[in-house]
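With positions in the sequence shown counted from 1, the corresponding number in my numbering is that position plus 196.
Beta carbons: idealized from backbone N, C-alpha and C, even for Gly.
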Amino acid sequence: MTAGSRQKVDLSGLNEPLIRISGHIVDVSAQSFRVAGLSPYVKLGDCVVCDGPEGEELGEVVRVEEASATVKPFAVR
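1) Taking just the CA atoms, how far does Ser225 sit from Lys268?
2) Alpha carbon to alpha carbon, how far is Cys246 from Glu261? Give it in angstroms, no decimals.
3) Sort out for me which residues DSSP pairs Pro249 with in a bridge.
4) If you measure between the beta carbons of Ala265 and Ser218, is that distance less than 8 Å?
5) What does a CB cutoff of less than 8 Å around Leu240 pick up in its chain, not counting 5 residues either side in sequence?
6) If you reduce the DSSP assignment to three classes, tell me which class Ala271 lands in.
7) What residue from Arg202, Ser228, Gly233, Val222 has the CA that sits closest to Arg216's CA?
8) Give the straight-line distance between the Cα atoms of Met197 and Glu250, rounded to the nearest whole angstrom.
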């Protein structure tokens, strides 16, 4: 490639997350659910997605403990 030459780059895949971290739901209540395995990677206010019976469910991390993170879903169950 020479200075001034141009090359097309496919950027269509940039909407996907670069890293996907997963955990296991260990407790479910009427208002929230706890996920083990996320604590080292999340902080308060982070959004997480989990698979629900009607598709993906989006929630906010409202508590982080050493062994788990508590997530409050945005949608009413």
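If we stick to the structure as given:
1) 10 Å
2) In a straight line, the C-alpha of Glu261 is about 19 Å away from that of Cys246.
3) Within the DSSP bridge table, the entry for Pro249 names no partner.
4) no
5) Val257, Val258, Arg259, Val260
6) coil
7) Selected option, being the one with the closest Cα: Gly233.
8) In this predicted model, Met197 has a pLDDT of only 48, less than 50, meaning its place in the structure is not dependable enough to derive any value.
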